[in-house]
Structures are given as structure tokens and as C-alpha cells.
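Quick notes on the structure that follows.
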Amino acid sequence: MSTLNNSSSIGDGPARPAKRPAMLAIVLSTLGIVSLIWSEIWLSLAASIWACVQILNLGNIGYAVLAALLVPVGAWASWHTARLAWLGESHRVSD
């Protein structure tokens, strides 16, 4: 008889319904983090390109070259920010 009571652990029964609010919390928290950080990344990138073009008196070609060089860096930073935010939030909620 005691094996029947001990066989069901805490996570067996109500674990399914409890995962949905946890997943919702992970998604909403990650979206908040990502939206704030991404806007900062892309605004600072745009300001840097604009400042370099204005200070160095570059024309449209210089603007395009700087954008071609720096936009992949912004995309890389955005991707890693999203990935780290997702991993951090999922690790925090799972603990």
C-alpha cells in the first residue's frame, strides 16, 4: 500500500497545467527583455553610423559601407541577446 502512495511524486499530477503559466511567464519576460535591449542595440547602432557619416563627411557610399559593416554586428548582438534572455528566463523559472 505504501508503494502506491510513494509512487506519485509531486511533479506527476499537476505538472502539466503548471507548465503553461510557467511557459507564458518565460515568453512574456523574454519579450520584455528583448524589446528593451534590441531597441537600445539598434538605436545605438543607427546613432553610431549617423555620427561617423557626419563627422567624417562621408557620402551615401560611406553610409552604405558603414551600414553593411555594422548591421551584421547588430543582428549578431540581437540574436545572442534573445538567446541569452530565453535561456536565463527558462533556467530561472525551472528552478
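If you count by our numbering, then the sequence shown holds residues 27 to 121, one letter each, in order. A virtual CB, placed ideally from N, CA and C, is assigned to each residue, including glycine. Remember, it's a predicted structure, so these values are computed and weren't measured experimentally.
DSSP-derived helix/strand/coil call for residue i
i, result
"Asn-86", "helix"
"Leu-30", "Note that Leu-30 scores 49 on pLDDT, short of 50, meaning its location in the model is unreliable and no value can be drawn from it."
"Trp-76", "helix"
CB contact flag (residue i, residue j, <7 Å)
i, j, result
"Ala-103", "Ile-59", "no"
"Leu-71", "Leu-96", "yes"
"Val-99", "Tyr-89", "no"
"Ala-93", "Ile-75", "yes"
Cβ neighbour criterion (16 or more within 10 Å) applied to residue i
i, result
"Ile-52", "buried"
"Ala-73", "exposed"
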